[in-house]
Amino acid sequence: MSTEKRLDDYTIDGDVHKVLINDEGQYSIWPAGQKAPDGWKEIGPTGTKTECSAYVDANWLDMRPISLQKAMAKHTH
51 MSTEKRLDDY
61 TIDGDVHKVL
71 INDEGQYSIW
81 PAGQKAPDGW
91 KEIGPTGTKT
101 ECSAYVDANW
111 LDMRPISLQK
121 AMAKHTH
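Read in order, the letters of the sequence shown correspond to residues 51 to 127 in our numbering.
In structure tokens form, the structure reads like this:
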């Protein structure tokens with residue numbers, strides 16, 4: 051029996067990734083070969099983890115979920 055660890059189920063930095071977003075405006079980087087989880091959709095580029103991270107950094111400007119942003123806006127206007 052082999053004691054070698056299998057990496058099949060792990061994300062490796064050299065793998066191809068995609069950018070996902072959910073209804074709350076939260077972003078995630080996901081392995082390109084895997085189906086997006088329920089509630090998430092593809093939004094950005096497919097590429098290296100670094101490329102996808104750069105897209106997320108440039109586009110996810112407010113970390114608060116959309117529902118919280120809306121609730122806070124009601125109380126400030």
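No residue lacks a Cβ here, since even glycine has one placed at the ideal position from N, Cα and C.
{"Check": "Cβ-based burial, His-125 [other Cβ within 10 Å; buried from 16]", "Outcome": "exposed"}
{"Check": "Residue nearest to Ala-108 in terms of C-alpha spacing, selected from Ala-86, Pro-115, Tyr-77", "Outcome": "Tyr-77"}
{"Check": "Spatially closest choice to Ala-82 from Gly-75, Asp-73, Gly-94, by CA coordinates", "Outcome": "Gly-94"}
{"Check": "As assigned by DSSP and simplified to three states, the class of Ser-117", "Outcome": "helix"}
{"Check": "Where Leu-118 falls, given that 16 or more other Cβ within 10 Å makes a residue buried", "Outcome": "exposed"}
{"Check": "Exposed unless 16 or more other CB atoms sit within 10 angstroms - verdict on Lys-120", "Outcome": "exposed"}
{"Check": "Nearest-angstrom Cα separation, counted from Asn-72 out to Ala-86", "Outcome": "10 Å"}
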